[in-house]
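Under the working numbering, the first residue of the sequence shown is numbered 1031, with each subsequent residue one higher. I have placed the structure first, in the form of structure tokens, so that the comments after it can refer back to it.
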Amino acid sequence: MHCLATGLLLGQEPAASETPIPGEKAFPGRAIRVPLGVKESKPVIPSVEELIEKSRDAKVEADRLWIVIEHAKSGGISLIDLDKDGSCYLIERERFRTGGDSPFKQPTGNFVRFGKTIPRALRENMMDLACRKSVLFGVGGVRPLSKVESTRMRLGVAGNYGRSVHTSLLAPFDQYPEAFREAVMSLLATARAMPLRKTVRGLVSAQFIDPRQAKRLTVLGGQTLVAVRDPGKEATVLPPAVAAARMPGRMVVVENEEDWQRVLSYLSGGTGQVKDKHCLISVGAHCYRLFVEPLGE
């Protein structure tokens, strides 16, 4: 009886065969057996500094950039709007006061300059540096040591006519990489040599509004919400209001008289009486506050 039981147990063990059994998949290697009680280790989450270091050479796709420079102690602002084809607007306003720590010397006046004289090497270097993630997302996290107000800068880039937009935080000028600061100073110096643009009617910029806030402003506040028609994703020429909405933070220059009258119509809510310098617009499913600044002769 004992021999019979032992034979039955030995007979249940499968015989090793080099020929694969039909209908079964052959595994390339042996299965890894994990002993009971052993837990799998969780992956280590990298820090923000490590992610920035790894993405130092990573870039985004863009064909337009704009830079906003807030000069120290004066309230003066320089805005550079550069297209990949070399078209450049320079918008400057208010007089720079002496004694500030800004590396720029702000001239007197409120004016707009335009030209296509930016050297190719300069604009290509500028676009290359501005599209780096280390520049776009690597500033703004360190507080300035000095309590004295310093020059601050904000950067924005866009691709595919505003369908892809990335912006940096408003941060002290010294927090940006040295190569980028030098490129900005060279670009500003070159742009200031461009001729004045006397045909500009005004400037338009937009700020995104949360849908709940837009509802409070329109329903409870009684403000008018103007629907602006979007020409679509395939449009290569955008109206000023649509261009400003697609690229919040960018200052859009309006030169065409028809476009300017349309913007004034948005301000008046269709009544023809302009009271404020901003209004609420909806482009598609999103709402924005549209800021308008007319420019005199």
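Yeah, the Cβ is synthetic: ideal placement off N, Cα and C, and Gly gets one too. Keep in mind it's a predicted model, so treat the numbers as computed, not measured.
Rounded to whole angstroms, the Cβ separation of I1099 and T1181 is 7 angstroms, and the two are in contact under 8 angstroms. Here the C-alpha atom of L1185 lies approximately 21 angstroms from the C-alpha atom of G1145. The three-state reading of DSSP puts R1242 in helix, counting H, G and I together. For S1312, the enclosing beta strand (DSSP E) begins and ends at H1308 to V1313. Excluding sequence positions up to five before and after G1192, its CB lies within less than 6 angstroms of the CB of R1276 and M1277, all in the same chain and listed in chain order. Taking C-beta atoms as the reference points, I1148 and C1118 count as a pair closer than 7 angstroms. In this structure, the beta-carbon distance from V1313 to V1258 falls below 7 angstroms.
Take G1299, set aside five residues on each side of it, and the residues of its chain with a beta-carbon closer than 8 angstroms to its own are T1254, V1256 and C1309, in chain order. As the crow flies, the alpha-carbon of M1224 is around 23 angstroms from that of P1270. Annotation note: the segment 1217–1242 contains the following uninterrupted beta strand (DSSP E) runs of length 3 or greater, listed N- to C-terminal: 1232–1239. The beta carbon of K1263 lies closer than 7 angstroms to those of R1193 in the same chain, with the five residues before and after it left out. At a Cβ-Cβ threshold of 7 angstroms, R1153 and G1116 count as neighbours. If you draw a straight line from the Cα of R1280 to the Cα of E1208, it is about 24 angstroms long. In the DSSP annotation of this structure, the continuous segment of the beta strand (DSSP E) that includes D1111 starts and ends at I1107 to D1113.
Considering only D1240, R1231 and R1123, the residue with the shortest C-alpha distance to E1288 is R1231. Annotation for A1188: the continuous beta strand (DSSP E) segment containing it runs R1182 to G1189.
Its Cα nearest to that of L1159, the residue W1096 stands out among V1293, F1238, A1236 and W1096. Of the residues assessed, V1322 falls on the buried side of the cut-off, its CB having 16 or more other CB atoms within 10 angstroms. Using a Cβ distance threshold of 7 angstroms, M1157 and L1217 do not count as a contacting pair. Taken in chain order, the complete beta strand (DSSP E) segments of 3 residues or longer contained in the segment 1244–1281 are 1255–1258. Secondary structure note for R1143: its beta strand (DSSP E) is the uninterrupted segment F1141 to G1145.
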